[in-house]
Structure formats: C-alpha cells, structure tokens
Amino acid sequence: GAQWFVSNDLILSGAYSYTEAELTDDAPCLYAGGDVYLDGSDQIDLAACLADPLDLQASAYDGDRLPGSPEHQGFLGLNYGMDLSDGTRLELNWSLIYRGDVVTKTGKRNFGETLGDYTMQNASLTLTDEDLVMSLYVDNLFDEYAETGVRTDRSLIGMRGDFDLRRYYNDVLRPRQVGVRFVYNFGN
Numbered sequence: 102g103a104q105w106f107v108s109n110d111l112i113l114s115g116a117y118s119y120t121e122a123e124l125t126d127d128a129p130c131l132y133a134g135g136d137v138y139l140d141g142s143d144q145i146d147l148a149a150c151l152a153d154p155l156d157l158q159a160s161a162y163d164g165d166r167l168p169g170s171p172e173h174q175g176f177l178g179l180n181y182g183m184d185l186s187d188g189t190r191l192e193l194n195w196s197l198i199y200r201g202d203v204v205t206k207t208g209k210r211n212f213g214e215t216l217g218d219y220t221m222q223n224a225s226l227t228l229t230d231e232d233l234v235m236s237l238y239v240d241n242l243f244d245e246y247a248e249t250g251v252r253t254d255r256s257l258i259g260m261r262g263d264f265d266l267r268r269y270y271n272d273v274l275r276p277r278q279v280g281v282r283f284v285y286n287f288g289n
C-alpha cells in the first residue's frame, strides 16, 4: 500500500493486489469420495475415478483457479483531520474496498460457482478530546449486496425421503450499519 500526505490535514491511502492462485500440477480425483448425493451414493465414486482419473468433474488440472482467492483486490482511503480551537480534533474518514470475483471450488468444477465482485464504502466522523473519542460511522454506506461465500454446494439441495433438504447457503455482506461509538481512556 501507499500513503500520500496531500497536506498536513489530508491523507490519501491506497493498496492493490493481484493474485494468480492456481494449481501448478494436475490433482486427479480431487473431488472423489467426498460429500454424498441425496440418495446416499457418492457424488463421484473414488474407485471409479482412480480407474479413470481423467473424469473432468472429479479431477482438477494444472492452471485451474483456486477457490476463495480474488485475482484483484483494492483499497482507497481518505482521511481529513483538523484541530479545533477548543483543543479537540475532528477527523473525517472515507474508504472504498474492492474485491474481485472468486470461485467456490478449484477450477469451478463439481458444482463450483463464481461469486461476483463487489465494491463497498465506509465513512466516519470522529471527535477526539483528551480522554474521550466519539465516532459516528456508517459501514457499507450504499447498502451493497454481495455474496461472499457458500456452504457446501448446490448438489445438496433437493428431496430426501419425504422432506426438502437444503444444506447449501450463501454468506452475504453485512447490510448498511450506522452507529455511534464512545471510547474513554481512564488514564494510566
């Protein structure tokens, strides 16, 4: 990351990362013998896969993207602070966070999926006295909705006997949160 002190009162911060997380070799039968289908059978039979390791859904291959790692991520922050005549300090903070898309399983195989990219902004106004810090903050300023993770996969949605089974769900960003924070330092 980098910081630029635009003036004594204004600081601009930023960071960017590029990650090319991928397999560097084949992983035969990576997905064999794991979870089970709703009827109780193996999703991908391990013995059958070992007999034919070129099964496109059971194996992963050199160059397949690894799950949970966005290729692009970034941060931009702005901090403006000024000392007031009564000795307190006022700070305005704003930040923008970007996370690129991620895949949920290696190579997006075996019911893997892509979770889209998102941008989220946060802002705060903070007044600092000698021992007291008071902040008004807004996280997820524009109430961005984004899926950030999954539990299991879509193969585990369906009927099991006489009832519906759904062992799959998505995690999402926390919705807009507005709050006030007080911190008091009780001395040494």
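So in the working numbering, the last spot in the sequence shown is 289, and the numbers never skip. Don't be surprised by glycine CBs; every beta carbon is placed ideally from N, CA and C.
Just to confirm the assignment, what range does the beta strand (DSSP E) spanning residue i have?
| i | result |
| --- | --- |
| Tyr-219 | 219-229 |
| Arg-190 | 190-200 |
| Val-281 | 278-285 |
| Phe-264 | 264-267 |
| Asn-241 | Taken as a continuous stretch (DSSP letters only), Asn-241 belongs to no beta strand (DSSP E), as it is neither H nor E. |
| Phe-176 | 173-184 |
| Asp-272 | 270-273 |
| Tyr-119 | 111-119 |
Quick one, are the C-beta atoms of residue i and residue j less than 8 Å apart?
| i | j | result |
| --- | --- | --- |
| Asp-202 | Leu-193 | no |
| Glu-248 | Thr-220 | no |
| Ser-160 | Asp-126 | no |
| Val-239 | Val-284 | no |
| Asn-211 | Leu-242 | no |
| Leu-233 | Leu-226 | no |
| Ala-122 | Ser-170 | yes |
| Gly-250 | Asp-272 | yes |
Can you tell me whether residue i is buried or exposed? The criterion is at least 16 other CB atoms within 10 Å of its CB, across all chains shown.
| i | result |
| --- | --- |
| Arg-200 | buried |
| Gly-213 | buried |
| Pro-276 | exposed |
| Tyr-119 | exposed |
| Leu-266 | exposed |
| Tyr-270 | exposed |
| Tyr-117 | exposed |
For chain B, find out if any of its Cβ atoms is closer than 8 Å to the Cβ of residue i; answer yes or no.
| i | result |
| --- | --- |
| Arg-268 | Here chain B cannot be found, since the structure has a single protein chain. |
(message) If contact is defined by three or more beta carbon pairs under 8 Å, each pair taking one atom from either stretch, is the region 235-255 in contact with the region 206-222?
(response) The region 206-222 vs the region 235-255: in contact.
(request) Would you be able to state if there are at least three C-beta pairs under 8 Å between the region 159-169 and the region 185-194? (result) With a cut-off of 8 Å on Cβ pairs, the region 185-194 is not in contact with the region 159-169, counting fewer than three such pairs.
(request) Check whether the region 104-115 touches the region 169-180, taking contact to mean three or more Cβ pairs, one atom from each stretch, closer than 8 Å. (result) Touching, per the Cβ criterion.
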